[in-house]
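Asks:
Number of protein chains: 2
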Amino acid sequence: MTDTSFAVILVEPQLGENIGMCARAMWNCGIRDLRLVSPRDGWPSESARKSASGADVVLDNTQVFETTEDAVADLNFVLATTARPRDMTKAVFTPEAAAKDMRERTAAGERTGVLFGKEAMGLSNDDVALSDAVLTVPLNPAFTSLNLAQAVLLMGYEWFKQADDTPGRELRMPGDTRPAGKDEMLHMFEHLEDELDARGFLRVPEKRPTMVRNIRNLLWRAEMTEQEVRTFRGIIKALATFPRKDG
Amino acid sequence: MTDTSFAVILVEPQLGENIGMCARAMWNCGIRDLRLVSPRDGWPSESARKSASGADVVLDNTQVFETTEDAVADLNFVLATTARPRDMTKAVFTPEAAAKDMRERTAAGERTGVLFGKEAMGLSNDDVALSDAVLTVPLNPAFTSLNLAQAVLLMGYEWFKQADDTPGRELRMPGDTRPAGKDEMLHMFEHLEDELDARGFLRVPEKRPTMVRNIRNLLWRAEMTEQEVRTFRGIIKALATFPRKDG
Numbered sequence: 008m009t010d011t012s013f014a015v016i017l018v019e020p021q022l023g024e025n026i027g028m029c030a031r032a033m034w035n036c037g038i039r040d041l042r043l044v045s046p047r048d049g050w051p052s053e054s055a056r057k058s059a060s061g062a063d064v065v066l067d068n069t070q071v072f073e074t075t076e077d078a079v080a081d082l083n084f085v086l087a088t089t090a091r092p093r094d095m096t097k098a099v100f101t102p103e104a105a106a107k108d109m110r111e112r113t114a115a116g117e118r119t120g121v122l123f124g125k126e127a128m129g130l131s132n133d134d135v136a137l138s139d140a141v142l143t144v145p146l147n148p149a150f151t152s153l154n155l156a157q158a159v160l161l162m163g164y165e166w167f168k169q170a171d172d173t174p175g176r177e178l179r180m181p182g183d184t185r186p187a188g189k190d191e192m193l194h195m196f197e198h199l200e201d202e203l204d205a206r207g208f209l210r211v212p213e214k215r216p217t218m219v220r221n222i223r224n225l226l227w228r229a230e231m232t233e234q235e236v237r238t239f240r241g242i243i244k245a246l247a248t249f250p251r252k253d254g
Numbered sequence: 008m009t010d011t012s013f014a015v016i017l018v019e020p021q022l023g024e025n026i027g028m029c030a031r032a033m034w035n036c037g038i039r040d041l042r043l044v045s046p047r048d049g050w051p052s053e054s055a056r057k058s059a060s061g062a063d064v065v066l067d068n069t070q071v072f073e074t075t076e077d078a079v080a081d082l083n084f085v086l087a088t089t090a091r092p093r094d095m096t097k098a099v100f101t102p103e104a105a106a107k108d109m110r111e112r113t114a115a116g117e118r119t120g121v122l123f124g125k126e127a128m129g130l131s132n133d134d135v136a137l138s139d140a141v142l143t144v145p146l147n148p149a150f151t152s153l154n155l156a157q158a159v160l161l162m163g164y165e166w167f168k169q170a171d172d173t174p175g176r177e178l179r180m181p182g183d184t185r186p187a188g189k190d191e192m193l194h195m196f197e198h199l200e201d202e203l204d205a206r207g208f209l210r211v212p213e214k215r216p217t218m219v220r221n222i223r224n225l226l227w228r229a230e231m232t233e234q235e236v237r238t239f240r241g242i243i244k245a246l247a248t249f250p251r252k253d254g
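Same order as they appear, the protein sequences are chains A and B.
In this note's numbering, each residue's number is its place in the first sequence (first place is 1) plus 7.
In this note's numbering, each residue's number is its place in the second sequence (first place is 1) plus 7.
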């Protein structure tokens, strides 16, 4: 199995449930190289399987090691996740910068990994010292404690984002329609303004241009589809032409 | 309480535990406006309190509503979180773009919120139709199911990031030291090269400049502190001067 993602290394994880949730978060982000260092409750784990919610591809390939040194031996660049400042001189990355750096290293043929410490305790100083740099997630300074799977998720998410080209904002519509053309919108405006003129709604000549512009702006902002233009013209016609059936 | 963050609206959440984990994820990101629409197991919830791991400020201010309409009534802009494409014409935001947009709206005096559907089911079409736009987290297309707290975390994290100025990479060091000056590094290099010259290590004249450059490059990359320069000069001296005590 070739894998171009980074390795997630959980050092002495305690609950199988948390390992499973990490696997789930990893697979959400397309990451499947999971390594465990001395999992307290052994491996494989039924509770991990249950909480992974179907991320079996991660659990089926999980490797178990006795020491952190063994778990990182084949890697070139390793980050240690920790929120606490340590009395060490070390580069500290945000998840976003780490993801960018790891993507570049991977493209250059390096293998990378991120260490996550055990629940509540975090990593030992020795594990931090074993790492090239530190990963710290910027969070509310009054409340920084993340659970294990959430720390894995945020790192995985930033890694996924680096290769994702989803537009920040996109108007999606059913496949059988398309954005309205300017001509269709302009015919709709003329239809509406004609019906309004005919009823004296736009009767003050000096106010008419402003009112027309305001109504058009409102409808331009709606980013209407061709189908919606037809529906809206049906609404104008219904209001202008048909009698109330309850009157 | 003035609150400049967005409202997190959980529609018909089922497990108190999940509500608590959402509260924890929110407070990690400095967000505390939590609203529940018809929580299945009632409110307040002991299991929510337990799983919030200390995010009490969120739970103490949680509001409960009967309908989604009631929960969003005071807001100006609402996003509906959904992974599934719907047969609707709707703008779709990524969390990053949504966070940026909501920050701008908040700065302009608007109040914003994000709807999250119940576990496994998601939001109803009516709740999506009630919203201004859709929020979709780009994830591994083969495995997009996020649990509730993780969806809340990713949106909150992007919101937090918008106002966070943590440098992507920063060299941190103990407070009693500082980065070495170029002069300190150059004196260290001269010290090392003098000791090596004296031992014939750099004896081939045409190779000496390259070797010196390579050794200097290696040590430049280490971004040494003033303290580390002194330590390294101590190492050179120890190796060059002191006899082995076990010999």
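Each residue gets a CB set at the ideal place from its N, CA and C atoms; glycine is no exception.
The structure displayed is predicted, hence computed values, not measured ones.
#1: To the nearest angstrom, report how far apart B/Q21 and A/A158 are at their CA atoms.
#2: Classify A/K97 as helix, strand or coil using the three-state DSSP reduction.
#3: With distances taken from CA atoms, which of A/L160, A/A105, A/S54 and A/L137 is nearest A/I38?
#4: If you measure beta-carbon to beta-carbon, which residues of the region 41-69 of chain B are closer than 8 Å to chain A?
#5: Would you report the Cα separation of A/F13 and A/R237, rounded to the nearest angstrom?
#6: At the level of alpha carbons, what is the spacing between A/M195 and A/M218?
#7: Thinking C-beta only, is A/S52 closer than 8 Å to A/I16?
#8: Suppose you measure from the CA of B/M8 to the CA of B/V65; what does that come to, to the nearest Å?
#9: Since A/T119 and A/R112 should fall inside the 8 Å C-beta cutoff, what is the C-beta to C-beta distance between them, to a whole number of angstroms?
#10: Using a Cβ cut-off of 9 Å, pull out every chain B residue sitting near A/G116, in sequence order please.
#11: Go through the region 95-162 of chain B residue by residue and report every complete run of the alpha helix (DSSP H) that reaches 4 residues or more, in order.
#12: So, using beta-carbon positions, are B/P46 and A/R179 closer together than 8 Å?
#13: Buried or exposed for B/M33, going by 16 or more other Cβ atoms inside 10 Å?
#14: Closer than 8 Å, CB to CB, is A/R25 near chain B or not?
#15: My parser needs the beta strand (DSSP E) runs of 3 or more residues fully inside the region 185-212 of chain B; what are they?
#16: Please report the residue range of the alpha helix (DSSP H) in which B/A55 lies.
#17: When the cut-off is 8 Å and only beta carbons count, does B/T119 lie next to chain A?
#18: Would a C-beta distance cut-off of 8 Å place A/M95 and A/V135 closer than the cut-off?
#19: Cα separation between A/V79 and A/T69?
#20: Tell me which residue opens and which closes the alpha helix (DSSP H) that A/E76 is part of.
#21: Among A/D201, A/E76 and A/I222, which residue has its Cα nearest to the Cα of A/L122?
#22: Per DSSP, what kind of secondary structure is A/T217 in: helix, strand or coil?
#23: Can you tell me where the alpha helix (DSSP H) with B/I242 in it begins and where it stops?
#24: State yes or no: is the beta carbon of A/R112 nearer than 8 Å to at least one beta carbon in chain B?
#25: Excluding sequence positions up to five away, which residues of its chain have a Cβ less than 8 Å from the Cβ of A/L130?
#26: Taking Cβ positions only, does B/F123 come closer than 8 Å to chain A?
#27: Who pairs with B/A14 in a beta bridge, going by DSSP?
#28: Give the interface partners of B/L146 over in chain A, defined as CB-CB distance under 7 Å, in chain order.
#29: How is the alpha helix (DSSP H) around A/R176 delimited, first residue to last?
#30: Using 8 Å for Cβ pairs, my map puts A/A98 next to A/A62. What's the rounded Cβ distance?
Replies: For this structure:
#1: In this structure, the alpha-carbon of B/Q21 lies about 24 Å from that of A/A158.
#2: strand
#3: A/L160
#4: S60, G61 and A62
#5: 51 Å
#6: 16 Å
#7: no
#8: Here the model assigns B/M8 a pLDDT of 40, short of 50, so the residue's position is not dependable and the matter cannot be decided.
#9: 5 Å
#10: Residues of chain B passing the Cβ test: none, with the nearest at roughly 19 Å.
#11: 102-114 and 132-137
#12: It is not a contact, given that the beta carbons lie outside the stated cut-off.
#13: buried
#14: Going by the sequence as given, residue 25 of chain A is Asn instead of Arg. Taking Cβ atoms only, chain B never reaches closer than 8 Å to A/N25, which makes this a no.
#15: none
#16: E53 to S58
#17: No, B/T119 lies away from the interface with chain A (no Cβ there is under 8 Å from its Cβ).
#18: yes
#19: 14 Å
#20: Start and end: T75 to V79.
#21: A/E76
#22: The three-state secondary structure of A/T217, taken from DSSP, is helix.
#23: E233 to T248
#24: Chain B contact via Cβ: absent.
#25: V18, A87, T88, T89, L122, F123 and G124
#26: no
#27: B/G120
#28: N35, C36 and F167
#29: First-last for A/R176: R176 to R179, but that is the beta strand (DSSP E), not the alpha helix (DSSP H).
#30: So it is not a contact: roughly 31 Å between Cβ atoms.
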